[in-house]
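Residue 73 in this note's numbering sits at position 66 of the sequence shown, with consecutive numbering throughout.
All C-beta atoms in this analysis are idealised placements derived from N, C-alpha and C, irrespective of residue type, glycine included.
It should be emphasised that the depicted structure is a prediction, and the values quoted were computed from it without experimental measurement.
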Amino acid sequence: MAFNTLSVAREAKTATVTLNRPDTRNAFNEETIAELTRAFRELGADDDLRAIVLAANGPAFCAGADLNWMKKMAGYTHAENHADALQLAEMLRTIYLCPKPVVAKVQGDCYAGGMGLVAACDIIVAVDEANFCLSEVKLGLIPATISPYVIKAMGENASRRYFLTAERFPAREALRIGFAHEVVASDALDAKVAEIVKALVNNSPNAVRQAKALVRDVVGQTVDDALLADTAERIAHIRASEQGREGVASFLEKRKPNWLTH
8 MAFNTLSVAR
18 EAKTATVTLN
28 RPDTRNAFNE
38 ETIAELTRAF
48 RELGADDDLR
58 AIVLAANGPA
68 FCAGADLNWM
78 KKMAGYTHAE
88 NHADALQLAE
98 MLRTIYLCPK
108 PVVAKVQGDC
118 YAGGMGLVAA
128 CDIIVAVDEA
138 NFCLSEVKLG
148 LIPATISPYV
158 IKAMGENASR
168 RYFLTAERFP
178 AREALRIGFA
188 HEVVASDALD
198 AKVAEIVKAL
208 VNNSPNAVRQ
218 AKALVRDVVG
228 QTVDDALLAD
238 TAERIAHIRA
248 SEQGREGVAS
258 FLEKRKPNWL
268 TH
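Given below as structure tokens:
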């Protein structure tokens, strides 16, 4: 994969996608959006991969929208703005629906659209020096395209406060409200992310993929006959799958499952 605004590295069964515009605090523009969309589509379809890490170069994780891109957008028509916003929305959806688990490795400040980028990931690990901010209303804008992911991550109550006030908040607050899963010292970030990735890649790839879809599809649903039937069908299907049978057999036979030996 060749990119201008990203780098992609592979190690064993993991890929790391790194935002690589440190001179702009990794702010994204239309090129970054297109490249992230392409990277996650291609990596998501790679059967050799079991996890993806989203990282960034430089002191900041992501400052949101690039200033030059924002200047250009100021002259857009309504139709052009709508088309542009859809590209961002599609990029976020591609990350959110990626069949591989995605871990956000947040080594620095994360603002505005950067929070949407992180919220579209499955697991968020941040350093304790990182700050977060949904700053859109300060510019007369709203965090519209990122809202489905940020609200899912931090909940409606916290979203009301931070969408409306644009207050900056520290990583410990992100942890308290549920936006971040782990907050660690900067010198412990690599080890914590590696620990989580190891846990992911040691599990059945099919089960991890299905579990990710399960959370996405069940959250917010009414517990009715349709949901009961759906979840029963899911477990029946995976029990009969190749990896489901192998996992149970390896447990009973006290051996490693074959996805750990291939």
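So, helix, strand or coil for residue i, using DSSP?
i: TYR169; result: helix
i: TYR83; result: coil
i: THR152; result: coil
i: PRO106; result: coil
i: ALA19; result: coil
i: THR25; result: strand
i: PHE176; result: strand
i: LYS219; result: helix
i: PHE47; result: helix
i: SER257; result: helix
i: LEU56; result: coil
i: SER193; result: helix
i: LYS263; result: coil
i: VAL200; result: helix
i: ILE184; result: coil
i: ALA210; result: Correcting the residue type first, residue 210 is Asn in the shown sequence and not Ala. Residue state, collapsed to three classes: coil.
i: ASN138; result: strand
Between the alpha carbons of residue i and residue j, how many angstroms are there, rounded?
i: THR44; j: MET98; result: 5 Å
i: ALA236; j: VAL215; result: 21 Å
i: VAL225; j: GLN250; result: 23 Å
i: GLY162; j: ILE184; result: 8 Å
i: GLU240; j: LEU221; result: 12 Å
i: ALA92; j: GLU38; result: 13 Å
i: ASN210; j: CYS117; result: 30 Å
i: ALA46; j: ALA119; result: 22 Å
i: THR101; j: LYS205; result: 23 Å
i: ALA19; j: ARG57; result: 9 Å
i: ASP53; j: VAL24; result: 14 Å
i: SER14; j: ASN64; result: 10 Å
i: ALA256; j: GLN217; result: 19 Å
i: TRP266; j: PRO212; result: 8 Å
i: ILE242; j: LEU207; result: 20 Å
i: LEU171; j: THR84; result: 26 Å
Shortest alpha-carbon distance to residue i belongs to which of the options?
i: LEU182; options: ALA81, ALA137, GLU240; result: ALA137
i: LEU146; options: GLU49, VAL222, ALA72; result: ALA72
i: ASP30; options: LEU74, LYS219, PHE176; result: LEU74
i: PRO66; options: GLY115, LEU50, GLU42; result: GLY115
i: GLN6; options: GLU42, LYS78, VAL144; result: The question about residue 6 has no answer, for the chain in this structure spans 8 to 269.
i: TYR103; options: ARG223, ALA233, ASP231; result: ARG223
i: THR152; options: ALA90, ASP231, ASP194, ALA195; result: ALA90
Inspect the beta-carbon positions of residue i and residue j and report whether they are closer than 9 Å.
i: ALA178; j: ASP135; result: yes
i: GLY123; j: SER142; result: no
i: GLU189; j: ALA133; result: yes
i: ASN36; j: ASN27; result: no
i: PHE176; j: VAL113; result: no
i: ALA187; j: ILE131; result: yes
i: ALA9; j: VAL60; result: no
i: LYS159; j: ALA126; result: yes
Counting pairs of Cβ atoms below 8 Å between the segment 154 to 172 and the segment 104 to 118, do you hit three or more?
no
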